[in-house]
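Input: a single structure, listed below in structure tokens.
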Amino acid sequence: MASFPSLVSGAVAQMRTLFDATPLQRNAYLSDKYSAEIYLKREDLSPIRSYKIRGAFNAMRKVLAADPHQTLFVCASAGNHAQGVAFVCRHFGVSGVIYMPVTTPQQKIDKTRAFGGDFVEIVLQGDYFDETLGAAQAFCAKEGGSFLSPFDDLNVIEGQATVAAEIVTQLRGNTLDMLILPVGGGGLSSGIVRYFRELGQDVDYRFVEPAGAGSLKAAVQAGELVTLNHIDSFVDGAAVARIGERNFEILKSIDPADILAAPEGRICATITNILNVEGIVLEPAGALSIDALQDVAEQIKGKRVVCVTSGGNFDFERLPEVKERALKYAGLKKYFILRMPQRPGALKDFLQLLGPNDDIARFEYLKKSARNFGAVLLGIETKQADGFVSLCQRMAAEGFEFTDITDDEILSELLI
Numbered sequence: 002m003a004s005f006p007s008l009v010s011g012a013v014a015q016m017r018t019l020f021d022a023t024p025l026q027r028n029a030y031l032s033d034k035y036s037a038e039i040y041l042k043r044e045d046l047s048p049i050r051s052y053k054i055r056g057a058f059n060a061m062r063k064v065l066a067a068d069p070h071q072t073l074f075v076c077a078s079a080g081n082h083a084q085g086v087a088f089v090c091r092h093f094g095v096s097g098v099i100y101m102p103v104t105t106p107q108q109k110i111d112k113t114r115a116f117g118g119d120f121v122e123i124v125l126q127g128d129y130f131d132e133t134l135g136a137a138q139a140f141c142a143k144e145g146g147s148f149l150s151p152f153d154d155l156n157v158i159e160g161q162a163t164v165a166a167e168i169v170t171q172l173r174g175n176t177l178d179m180l181i182l183p184v185g186g187g188g189l190s191s192g193i194v195r196y197f198r199e200l201g202q203d204v205d206y207r208f209v210e211p212a213g214a215g216s217l218k219a220a221v222q223a224g225e226l227v228t229l230n231h232i233d234s235f236v237d238g239a240a241v242a243r244i245g246e247r248n249f250e251i252l253k254s255i256d257p258a259d260i261l262a263a264p265e266g267r268i269c270a271t272i273t274n275i276l277n278v279e280g281i282v283l284e285p286a287g288a289l290s291i292d293a294l295q296d297v298a299e300q301i302k303g304k305r306v307v308c309v310t311s312g313g314n315f316d317f318e319r320l321p322e323v324k325e326r327a328l329k330y331a332g333l334k335k336y337f338i339l340r341m342p343q344r345p346g347a348l349k350d351f352l353q354l355l356g357p358n359d360d361i362a363r364f365e366y367l368k369k370s371a372r373n374f375g376a377v378l379l380g381i382e383t384k385q386a387d388g389f390v391s392l393c394q395r396m397a398a399e400g401f402e403f404t405d406i407t408d409d410e411i412l413s414e415l416l417i
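Counting in our numbering, the sequence shown runs from 2 upward without gaps.
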């Protein structure tokens, strides 16, 4: 039986009929910032702006090689996997039925349809992904199709491992000191780890999960698969409540200390920074590896580091939310409920308390809580986070009653 690295090499050769290797680019800005040699493996530059095309292609070609008469492929996805399956269906000239939640943004639906054309049918079913997945699997079983898992599949893992094979070629014999990988369901990370492990190469990894969806770390620490009770779905390309079973088998022996948690607000700051400075558009999951550089800054000085930027399918309608999260995480924006006296000049008195770097981003009367007072939703942006300390002191000294609701999730959802 062929070794895993040789299978991956074969997959790479076949993949070249579909698209060229994605670039491995030295990034001067990040290299200077961290006093290291920082390279980006630009999976955001694949034909579907994500590495997911690799696993979909490899799994589909394997099925067709074993059964040339198979003409129906089914998947469930609201994002990059759907687009990868659609693209590959058109390539092989086979039919695909792609199930998506009814809440899927129209932009993602349109992109999936554009990639697949007449070869794919999109079915919107289920308010939540688990409902969508169940419907897709039931349809697949009924129609005798081949189900394409987004990550928990050996052929998908093999396909994602082609990223590692390309990195080896593109490094041209140069040393790889650290490889930083984003983690969602584990398809990419397990494929790369298995590839290097079976090559006998000792690689220093860092695995990066969203802070609100740390399913890999939970499983590694427990020594078994764990399903998280709640996840933050903001980093939608990596917000997975349970790591894949086959993926965990490969990753279960890694050191929990090598698994990093990236706060969602900090990821937002990374997205905006890389967009503004480098002009690189990354989705939240695609920014995970770059975001984690600040967690290993002291360890990588003078070293060669590769970050896999896993996707660039960013919906710019989300940009206001990304900027908002970034500012709040940095402490540069806060929301207050202010008890405003209902007397002439009260607003003017309040405005005079603001510092030269304080801007009112939102001012909204909610209701009069008493005859002489009214509740105001107040949003303030500043250029220095410590400015809020003195502002709050000034408000208290002048008798203004207020409550900071910036981190109150329930009130924020209701009011902001």
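For each residue, glycine too, the CB sits at the ideal point set by N, CA and C. Treat the numbers as computed from the prediction; the structure is a model and nothing was measured.
Could you pull out every residue in the same chain whose Cβ sits closer than 8 angstroms to the Cβ of residue 32, ignoring the five residues on either side in sequence?
Contacts found: 38 and 39.
My assumption, with CB atoms under 8 angstroms, is that residue 160 sits in contact with residue 59. Please give the rounded CB distance.
That pair is a contact at about 3 angstroms.
Taking residue 72 as the reference, which of 271, 228, 48 and 61 has the closest Cα?
It is 61.
Should residue 35 go down as buried or exposed, given a rule of 16 or more other Cβ atoms within 10 Å for buried?
By the C-beta density criterion, residue 35 is buried, having at least 16 other C-beta atoms within 10 angstroms.
Option in 109, 110, 123 and 85 with minimal Cα separation from residue 98
Ranking the options by Cα distance to residue 98, first place goes to 123.
Output yes if chain B places a C-beta closer than 8 angstroms to the C-beta of residue 282; else output no.
The chain labelled as chain B is not found in the depicted structure, where only one protein chain is given.
Kindly provide the ranges of any beta strand (DSSP E) runs that are 3 or more residues long and lie completely inside the stretch 315–386, ordered along the chain.
Runs of beta strand (DSSP E) with 3 or more residues, each lying fully within the stretch 315–386, are found at 334–342, 360–371 and 374–382, listed in chain order.
List in chain order: all unbroken alpha helix (DSSP H) runs of 4+ residues lying wholly within the stretch 75–122.
If only uninterrupted alpha helix (DSSP H) runs of at least 4 residues are considered, those enclosed by the stretch 75–122 are 81–93 and 107–117.
Can you tell me whether residue 361 is buried or exposed, with buried defined as 16 or more other CB within 10 angstroms of its CB?
So residue 361 ends up on the exposed side.
Would you be able to state if there are at least three C-beta pairs under 8 angstroms between the stretch 137–146 and the stretch 168–178?
The stretch 168–178 and the stretch 137–146 do not touch, with fewer than 3 CB-CB distances between them shorter than 8 angstroms.
Rounding to the nearest angstrom, what Cα-Cα distance links residue 128 and residue 106 in this structure?
Near 13 angstroms, if we compare the C-alpha coordinates of residue 106 and residue 128.
Express the C-alpha separation of residue 183 and residue 207 in angstroms, rounding to a whole number.
Cα to Cα, residue 207 sits roughly 9 angstroms from residue 183.
Within 10 Å of its beta-carbon, does residue 21 have 16 or more other beta-carbons around it, so buried, or fewer, so exposed?
Flag for residue 21 reads exposed.
Given a cut-off of 8 angstroms on the beta-carbon distance, is the pair residue 1 and residue 323 in contact?
The structure shown has nothing for residue 1, since the chain only spans 2 to 417.
What's the gap between the Cα of residue 288 and the Cα of residue 307?
Approximately 13 angstroms between the Cα atoms of the pair.
So, using beta-carbon positions, are residue 56 and residue 91 closer together than 8 angstroms?
No.
With distance defined between alpha-carbon atoms, name the residue in 375, 103, 291 and 119 nearest to residue 89.
Ranking 375, 103, 291 and 119 by Cα distance to residue 89 puts 119 first.
Using 10 angstroms around the beta-carbon of residue 470, count the other beta-carbons present and answer buried if the total reaches 16, otherwise exposed.
In the structure displayed, the chain extends from 2 to 417; residue 470 sits before or after that span and is not available.
Identity of the residues DSSP links to residue 312 by a beta bridge:
According to DSSP, residue 312 shares a beta bridge with 51.
Quick check on DSSP: helix, strand or coil for residue 297?
Looking at residue 297 - three-state DSSP - the assignment turns out to be coil, as it is neither helix nor strand.
For residue 377, which of 341, 96 and 79 has the nearest alpha-carbon?
Taking only the C-alpha atoms, the option nearest residue 377 is 341.
Give the DSSP-derived three-state secondary structure of residue 179 in the structure shown.
Judged by DSSP in its simplified three-state form, residue 179 adopts strand.
For residue 2, is the classification buried or exposed, using 16 other Cβ atoms within 10 angstroms of its Cβ as the cut-off for buried?
Per the 10 Å Cβ criterion, exposed.
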